[in-house]
Amino acid sequence: MPTTPAHLIFVDFENVPDIELGLIAGLPVHVSLLIGKNQTKLHLALVQQIHKLADQVDLIEVGNSGRNALDLTLAYYLGHAVQQMPTLKFHIVSGDKDFDPLIAHIQAKGLSVTRHTTFAALPFLPRPKKSVAPTHAKAAAVPTAKKVPAPAVKPPAIDRSAKVIARLSNPHSKNRPASSKALLAHLKASLGKEASDTSVADLVSVLQSKGVLSIDAAGKIQWN
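Take a look at the structure:
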């Protein structure tokens with residue numbers, strides 16, 4: 223790839239963990255992949271891509287796990303890059319709209335910065351080609367088997383746990399439970415009939431591990 227890339231990409235890997243780095247091979251692109259402190263495991267395929275594209279990918283580990291720690295770290299690296307290479311095109315891959323005011327501020331300076339909710343949405347990446355069915359000589363007619371209607375496919379179940387986590391992680395959410403007892407009741411009601419005590423307890427553990435809340439010995443909740 224060229225010594226100086228045309229596009230610098232900053233990926234919020236906590237927010238967008240589904241990326242295909244193989245798409246950037248040979249392109250004038252450099253990726254900074256920001257990994258959260260709690261993201262201790264990466265898929266083997268991704269690790270292999272990072273190793274193969276070492277000249278095009280930087281892995282940045284965020285040392286702290288506080289709220290917005292990764293966002294602020296990404297903003298630092300973006301700001302440094304904008305100052306050093308203002309003529310390049312900058313891209314943030316994240317579904318977090320909190321980046322938008324920063325992007326608007328940089329754009330007001332006449333610089334090129336855009337946010338994309340998925341890695342595949344980057345406009346310069348190659349798009350998969352539509353396959354064309356090969357043409358063959360007309361074959362003799364073959365008796366067709368009786369068509370059997372395909373069974374109805376149920377729509378995928380709504381990931382209620384993810385929605386609950388997202389809602390409770392938002393510091394602007396109203397009426398977040400103040401005690402562990404109230405939180406358990408709230409989670410059971412939010413998850414629906416299929417919620418078990420184990421799944422509710424696991425969800426509380428997830429919220430604690432993400433640093434969203436802490437519970438003291440008296441069962442009182444401190445939201446972060």
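In this note's numbering, the protein residues as written are 223 to 446.
Every residue gets a Cβ at the ideal spot worked out from N, C-alpha and C, and that includes glycine.
Everything numeric in this text was worked out from a predicted model, so none of it was measured.
Since residue i sits in a beta bridge, which residues does DSSP pair it with?
i      : result
Ile282 : Leu256
Val428 : Paired residue(s): none; Val428 is not in a bridge.
Phe312 : Leu230 and Val335
Leu271 : With the sequence shown as reference, residue 271 is identified as Gln, and Leu is not the correct amino acid for it. Beta-bridge pairing links Gln271 to no other residue.
Gln444 : Ser436
Ser401 : Lys442
Val460 : Residue 460 cannot be examined here, being either before or after the span of the chain that is shown, 223 to 446.
Val251 : His229
Around the Cβ of residue i, are there at least 16 other Cβ atoms within 10 angstroms (buried) or fewer (exposed)?
i      : result
Lys442 : exposed
Arg337 : buried
Gln305 : exposed
Glu236 : buried
Gly258 : buried
Gln444 : exposed
Ala439 : exposed
Pro378 : Any reading at Pro378 must be qualified, since the residue scores a pLDDT of 45, below 50, and its modelled position is unreliable; the value itself is stated next. With fewer than 16 Cβ atoms within 10 Å of its Cβ, Pro378 is classed as exposed.
Asp320 : exposed
Asp234 : buried
Leu294 : exposed
Val279 : buried
Report the residue from the options whose alpha carbon sits nearest the alpha carbon of residue i.
i      : options                           : result
Val315 : Val434, Lys396 and Phe232         : Phe232
Ala343 : Asp320, Ser412 and Ile241         : Ile241
Leu429 : Lys415, Leu245 and Arg398         : Arg398
Thr226 : Ser436, Leu425, Leu333 and Val253 : Val253
Tyr299 : Leu255, Ala330 and Val238         : Leu255
Lys263 : Pro239, Ser436, Asn286 and His229 : Pro239
Ile272 : Leu245, Ser412 and Asn260         : Leu245
Gly301 : Asp318, Asp277, Val434 and Lys331 : Lys331
Pro467 : Ala417, Leu413 and Val251         : Outside the shown range of the chain, which is 223 to 446, sits residue 467, and nothing can be said about it.
Ser421 : Val434, Lys432, Ala407 and Gly433 : Ala407
Leu249 : Leu266, Gln261, Ala228 and His265 : Ala228
Val386 : Val434, Leu243, Pro308 and Ser401 : Val434
Asn286 : Leu296, Ser401, Val279 and Ser402 : Leu296
Phe312 : Leu333, His327 and Asp318         : Leu333
Gln270 : Gly288, Leu243, Phe341 and Leu324 : Leu243
Leu281 : Gln261, Leu324 and Ser418         : Gln261
Asp277 : Pro308, Pro323 and Leu230         : Leu230
Met307 : Ala326, Ser418, Lys415 and Val335 : Val335
Pro393 : Thr340, Arg289 and Ala247         : Arg289
For a test of your reading of the model: does the CB of residue i fall under 8 Å from any non-hydrogen atom of the ligand FMN? Yes or no.
i      : result
Ser418 : Within the structure as shown, the ligand FMN is missing, as the structure has no ligands at all.
Under the assumption that residue i contacts residue j (Cβ atoms under 8 Å), give the Cβ distance between them as a whole number of angstroms.
i      : j      : result
Val284 : Leu275 : 21 Å between Cβ atoms; not a contact.
Arg389 : Ser395 : 6 Å
Leu405 : Ala417 : Leu405 to Ala417, Cβ: 13 Å. No contact.
Ile437 : Ser402 : 5 Å
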